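Residue numbers (our numbering): 3 to 409.
Glycine included, every Cβ here is placed at the ideal spot set by N, Cα and C.
It should be emphasised that the depicted structure is a prediction, and the values quoted were computed from it without experimental measurement.
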């Protein structure tokens, strides 16, 4: 029963956390009554289970008391007869009853102990389920630290499967030389983010291998690998801390000038100066006081402060306006110079300057080349170009490719 109580408590806590995090969505859809019903249903289930467990424990205590009281009464009746018959002295009877009383407390405590152990074991089992879960990505026992790299990244016939049957990407083969910009384009589910996320080993490849400066990423320690590969996520997570702590996340003894420089490059410094406490301003739970664009720029500043030789920008300018994107792009052009950069973007204006553009469809590379080379082929990329940058020349014969969404 206590395991069921733990499971229902976890479910109720999840409902509460989702409501607090998604408060604006709940209000926007007028779903307060629906969410209250969900929460009350979980709370009622916990109350019923707790009542059942408590009643069972209480009945055990009452039963033990009844048994000992009945036993004491029986001993008094039988012992009294033995004393009257002269076969037992009054002192012996009193001593026996005293020992029975001393034995009663440990027996009653054993019932309480069993109940406590039952509660602890149910909670402990759920805890060990988490602690014993094996990560799909692990370090080899003999993994070596990866020194600061030049940024030569090669995919050698890489395939990635999230399960045994479906491949997210297949037969990916290309190389990025130090300082090159590689752009990844494609529709939802085409594998753009998967390719980007296997470089820092958020997932492991199913076939083939990925090397950085000749080192297989599976042969080096995760911490040194991820210090060499910075990534700006599409879905930005902001910690409940100050602006400075969020920008300098994971770094010790960071000079304030470096934090300010990263914020300036990310076009965030002017906004921070206008905050009540500047860089020491608390941003709230998950950065609730910041807009989507401000959170994205904060994530860019956080990654730039890490100063990685390889950089992954996973649609990192999707939540900023066009004017800010233009300024941000100019700054990023300066920062990405000399770094191997992977760019996932929905706007061709962001990727047309890339040294190599990979167009993906259904987990495979269907086109590769520079902007000019791909335009001449009249394929997928030309279809995207006609839709985005030349709407006035758009023809029904153009090959449309939908961009957007997670991949």
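Tell me whether residue 146 sits in a helix, a strand or coil according to DSSP, three-state version. Translated into the one-based positions of the chain shown, residue 146 becomes position 144. Strand at residue 146.
Going by DSSP in three states, residue 400 sits in which element: helix, strand or coil? Locating residue 400 in the chain shown gives position 398, where the first residue counts as 1. In this prediction, residue 400 has a pLDDT of 42, which is less than 50 and means its spatial position is unreliable; what the coordinates show is noted afterwards. In this structure, residue 400 counts as coil in the three-state DSSP scheme.
In whole angstroms, give me the CA-to-CA distance for residue 154 and residue 342. Against the chain shown, residue 154 aligns to sequence position 152. Against the chain shown, residue 342 aligns to sequence position 340. Cα to Cα, the separation comes out at about 7 Å.
In angstroms, rounded to a whole number, what distance separates the CA positions of residue 160 and residue 196? As a position in the chain shown, residue 160 is number 158, starting the count at 1. As a position in the chain shown, residue 196 is number 194, starting the count at 1. Taking the straight line from one Cα to the other gives about 11 Å.
For residue 201, list the residues DSSP reports as bridge partners. Against the chain shown, residue 201 aligns to sequence position 199. In DSSP, residue 201 forms no bridge with anything.
If you measure between the beta carbons of residue 181 and residue 240, is that distance less than 7 Å? Locating residue 181 in the chain shown gives position 179, where the first residue counts as 1. Locating residue 240 in the chain shown gives position 238, where the first residue counts as 1. In this structure, residue 240 does not lie closer than 7 Å to residue 181 by Cβ.
Given residue 4, which residues of its chain have a CB within under 7 Å of its CB, disregarding the five upstream and five downstream residues? As a first step, residue 4 must be located in the chain shown, where it is residue number 2. For residue 4, where only same-chain residues beyond five positions count, the Cβ hits under 7 Å are 55, 120, 121, 124.
So for residue 23, helix, strand or coil by DSSP? Taking the chain shown and counting its residues from 1, one reaches residue 23 at position 21. Looking at residue 23 - three-state DSSP - the assignment turns out to be helix.
Tell me which residues share the same chain as residue 416 and place their Cβ nearer than 7 Å to its Cβ, disregarding the 5 neighbours each side in the sequence. Examination of residue 416 is not possible in this model, given that the chain is present from 3 through 409 alone.
Keeping to the same chain, check which residues put their C-beta closer than 7 Å to that of residue 68; ignore five residues upstream and five downstream. Stepping through the chain shown from its first residue, residue 68 is reached at position 66. Around residue 68: no qualifying Cβ.
Roughly how many angstroms lie between the CA atoms of residue 130 and residue 136, to the nearest whole one? Mapped onto the chain shown, residue 130 falls at position 128. Mapped onto the chain shown, residue 136 falls at position 134. Each residue's alpha carbon lies about 11 Å from the other.
Can you name, in chain order, every residue of its own chain whose Cβ lies under 6 Å from the Cβ of residue 383, other than the five neighbours on each side? Your numbering for residue 383 matches position 381 in the chain shown. 361, 369, 376.
Do the segment 79–99 and the segment 30–39 meet, that is, are 3 or more Cβ pairs less than 8 Å apart? no
Measure how close the beta-carbons of residue 337 and residue 297 come, nearest whole angstrom, since I'm counting them as under 8 Å. If you number the chain shown from 1, residue 337 lands on position 335. If you number the chain shown from 1, residue 297 lands on position 295. That pair is no contact at about 19 Å.
Please return the same chain residues whose Cβ sits closer than 8 Å to the Cβ of residue 48, not counting the five positions on each side in sequence. The residue given as residue 48 occupies position 46 in the chain shown. Hits under 8 Å: 7, 10, 11, 14.
Quick one, are the C-beta atoms of residue 248 and residue 300 less than 7 Å apart? In the chain shown, the residue the question calls residue 248 occupies position 246. In the chain shown, the residue the question calls residue 300 occupies position 298. Yes, the pair counts as a contact, with Cβ atoms nearer than the cut-off.
Relative to the C-alpha of residue 293, which residue among 305, 279, 273 is closest? By one-based count along the chain shown, residue 293 stands at place 291. Checked all of 305, 279, 273; the closest Cα to residue 293 is 273.
Given residue 358, which residues of its chain have a CB within under 8 Å of its CB, disregarding the five upstream and five downstream residues? If you number the chain shown from 1, residue 358 lands on position 356. Cβ neighbours of residue 358 beyond the five flanking positions: 176, 178, 182, 183, 184, 185, 370, 371, 372.
Please list the terminal residues of the continuous beta strand (DSSP E) segment that includes residue 210. Position 208 of the chain shown, counted from the start, is the residue given in the question as residue 210. Per DSSP, residue 210 belongs to the beta strand (DSSP E) from 209–214.
Option in 107, 334, 74 with minimal Cα separation from residue 63: Mapped onto the chain shown, residue 63 falls at position 61. Taking only the C-alpha atoms, the option nearest residue 63 is 107.
Secondary structure at residue 11, three-state DSSP: helix, strand or coil? As a position in the chain shown, residue 11 is number 9, starting the count at 1. Reduced to three states, the DSSP call for residue 11 is helix.
Run through DSSP, which three-state label would residue 244 get? Your numbering for residue 244 matches position 242 in the chain shown. Of the three classes helix, strand and coil, the one that applies to residue 244 here is strand, per DSSP.
For residue 352, count neighbouring C-beta atoms within 10 Å of its own C-beta (all shown protein chains included) and say buried if the count is 16 or more, exposed if not. The sequence position of residue 352 within the chain shown is 350, counting from 1. Counting Cβ neighbours within 10 Å, residue 352 comes out buried, since at least 16 surround it.
Inspect the beta-carbon positions of residue 232 and residue 147 and report whether they are closer than 7 Å. Locating residue 232 in the chain shown gives position 230, counting from the first residue. Locating residue 147 in the chain shown gives position 145, counting from the first residue. No, these two residues do not count as a Cβ contact at 7 Å.
Could you check if residue 193 is buried or exposed, using at least 16 other CB atoms within 10 Å of its CB as the buried criterion? Counting from 1 along the chain shown, the entry for residue 193 is found at position 191. Buried, since its Cβ has 16 or more Cβ neighbours within 10 Å.
Output the distance between the C-alpha atoms of residue 283 and residue 16, rounded to the nearest integer angstrom. Locating residue 283 in the chain shown gives position 281, counting from the first residue. Locating residue 16 in the chain shown gives position 14, counting from the first residue. If you take the alpha carbons of residue 283 and residue 16, they lie about 29 Å apart.
Only counting the same chain, and skipping five residues up and downstream in sequence, which positions put a Cβ closer than 6 Å to that of residue 22? Indexing the chain shown from 1 puts residue 22 at position 20. Contacts found: none.
Could you give the residue range of the beta strand (DSSP E) that holds residue 235? As a first step, residue 235 is located in the chain shown; it is residue number 233 there, counting from the start. Note, residue 235: premise wrong, no beta strand (DSSP E); not H, not E.
Anyone know if the C-beta pair for residue 230 and residue 151 falls short of 7 Å? The residue labelled residue 230 in the question sits at position 228 within the chain shown. The residue labelled residue 151 in the question sits at position 149 within the chain shown. Less than 7 Å separates the beta-carbon of residue 230 from that of residue 151.
Same chain only: Cβ atoms within 6 Å of residue 163, ignoring 5 sequence neighbours per side: What you label residue 163 is simply residue 161 of the chain shown in a count that begins at 1. So the qualifying residues of the chain are 169, 208.
DSSP state of residue 110 mapped onto helix, strand, coil: On the chain shown, position 108 is the one that residue 110 refers to. Residue 110 falls in the helix class under three-state DSSP.
Could you please give the first and the last residue of the uninterrupted beta strand (DSSP E) stretch that includes residue 344? Residue 344 sits at position 342 when you count from the first residue of the chain shown. Run containing residue 344: 342–346, per the beta strand (DSSP E) assignment.
Identity of the residue in 263, 270, 228 nearest residue 252 by Cα: Indexing the chain shown from 1 puts residue 252 at position 250. Of the candidates 263, 270, 228, the one whose C-alpha sits nearest the C-alpha of residue 252 is 228.
Can you look up residue 316 in the DSSP assignment and give me helix, strand or coil? In the chain shown, residue 316 corresponds to position 314, counting from 1. DSSP places residue 316 in strand when its eight states are reduced to three.
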